[in-house]
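To start, the structure itself, in structure tokens.
Written out as structure tokens, the structure reads:
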């Protein structure tokens, strides 16, 4: 088991990450919906961070845990905030520049970046099971998206999506490191406390009046983002980023569903060919981690 994990519980981490994928896919859908209603990206990110900060601070105060936000690792929180805010601009930007399914599919390059970072920067052993799951899941993505078969994907949107995937992988390891000394609520508290005031500087230049429906979308987006952030941070407390990030493949199923129901995107028959590969990738990782946790395999070298 990876000794860098705060509290190794791989099966719990995989389950939490599975729920995280659905929650963040819902947030992405709401971001795209708000963007189509004319809400500026900078305003969306401000409300996402500001409302999350208010909610987190209120919960910590009400439960008498506000003092737990004291930290001796402010530098690490600032670095996480810089990477996180940049990543958020790229993630949201890709969602607004590309169809939801395509933006989600490009985000699935994150596991490749995560595995590479874990090997290059942290010397983590990555064996045939993890590589196999990553490749299997990505093959499912290629089957569904069929790159080049239905026209060119916007190159700017694709580039933004790839940068977002790299940053999401890097941020996962930053959070994993912070989890060694901080609890998930503290990590999210400082992320929002640092970034919300910064984004507030730009809001006067981009904010416009909104109707009730648009405000409802904005608040729902912020709520989904806050929940997703807590779940994501918690998952990285119990499992390795290079392992659990494979569960993010399941968000494509949500993106496709939202595309059909919300944005009237045509449903591709390729979904039913690629989805089993994506699901199999997650099951392969889950099975391997269960075997490792139960001690039924003698070494994690091939994990």
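In the working numbering, the protein residues as written are 1 to 303.
Every residue gets a Cβ at the ideal spot worked out from N, C-alpha and C, and that includes glycine.
* Helix, strand or coil at residue 251 [DSSP, three-state] -> One-based indexing of the chain shown puts residue 251 at position 251. In the structure shown, residue 251 adopts helical secondary structure according to DSSP, grouped into three states.
* To do: Can you grab the Cα-Cα spacing for the pair residue 129 / residue 97, in whole Å?
  => Working through the chain shown from its first residue, we reach residue 129 at position 129. Working through the chain shown from its first residue, we reach residue 97 at position 97. Rounded to the nearest angstrom, the two C-alpha atoms are 34 Å apart.
* Candidates 47, 67, 223, 37: which alpha carbon is nearest residue 204's? -> Residue mapping note: residue 204 aligns to position 204 of the chain shown, counting from 1. The option with the nearest alpha carbon to residue 204 is 47.
* Quick one: is residue 201 buried, meaning 16 or more other Cβ sit within 10 Å of its Cβ, or exposed? -> In the chain shown, counting from the first residue as 1, residue 201 sits at position 201. Of the residues assessed, residue 201 falls on the exposed side of the cut-off, its CB having fewer than 16 other CB atoms within 10 angstroms.
* Best match in 87, 253, 154, 263 for proximity to residue 21 [C-alpha to C-alpha] -> Within the chain shown, residue 21 is the residue found at index 21, counting from 1. Closest option to residue 21, Cα to Cα, is 253.
* Asked: Given that a residue counts as buried once 16 or more other Cβ atoms are within 10 Å of its Cβ, and exposed if not, what is residue 7?
  -> Residue numbering aside, residue 7 sits at position 7 when the chain shown is read from its first letter. By the Cβ-count criterion, residue 7 is exposed, with fewer than 16 other Cβ atoms from all chains shown falling within 10 Å of its own Cβ.
* To do: Return helix, strand or coil for residue 260, following the three-state DSSP convention.
  => Working through the chain shown from its first residue, we reach residue 260 at position 260. Residue 260 carries a helical assignment under DSSP once its states are collapsed to helix, strand and coil.
* Asked: Which whole runs of the alpha helix (DSSP H) in the region 182-210 are 4 residues long or more, in chain order?
  -> Taken in chain order, the unbroken stretches of alpha helix (DSSP H) that lie wholly in the region 182-210 and span 4 residues or more are 184-200, 203-206.
* Asked: If you count every other CB in all the chains shown that lies within 10 Å of the CB of residue 75, and 16 or more means buried, which is it?
  -> By 1-based counting over the chain shown, the position of residue 75 is 75. Exposed.
* Cβ-Cβ distance between residue 85 and residue 195 below 7 Å -> Counted from its first residue, the chain shown places residue 85 at position 85. Counted from its first residue, the chain shown places residue 195 at position 195. Yes, the pair counts as a contact, with Cβ atoms nearer than the cut-off.
* Mind checking which residues open and close the alpha helix (DSSP H) that includes residue 102? => One-based indexing of the chain shown puts residue 102 at position 102. Counting along the chain, the alpha helix (DSSP H) containing residue 102 begins and ends at 100-107.
* To do: Could you have a look at residue 272 and say whether DSSP puts it in helix, strand or coil?
  => Locating residue 272 in the chain shown gives position 272, where the first residue counts as 1. Three-state DSSP puts residue 272 in a helix.
* Whose CA, out of 51, 158, 269, lies closest to the CA of residue 100? -> Counting from 1 along the chain shown, the entry for residue 100 is found at position 100. Comparing Cα-Cα distances from residue 100 to each of 51, 158, 269, the minimum goes to 158.
* Which residue comes first and which comes last in the alpha helix (DSSP H) that contains residue 93? -> As a working mapping, residue 93 is identified with position 93 in the chain shown. Residue 93 -> alpha helix (DSSP H) spans 74-97.
* Have a look at residue 231 and residue 185 and give me their C-alpha separation to the nearest angstrom. => Translated into the one-based positions of the chain shown, residue 231 becomes position 231. Translated into the one-based positions of the chain shown, residue 185 becomes position 185. Computed Cα separation, rounded: 10 Å.
* Going by alpha carbons, who is nearest to residue 188 out of 255, 181, 167, 233? -> Position 188 of the chain shown, counted from the start, is the residue given in the question as residue 188. Closest by alpha carbon: 233.
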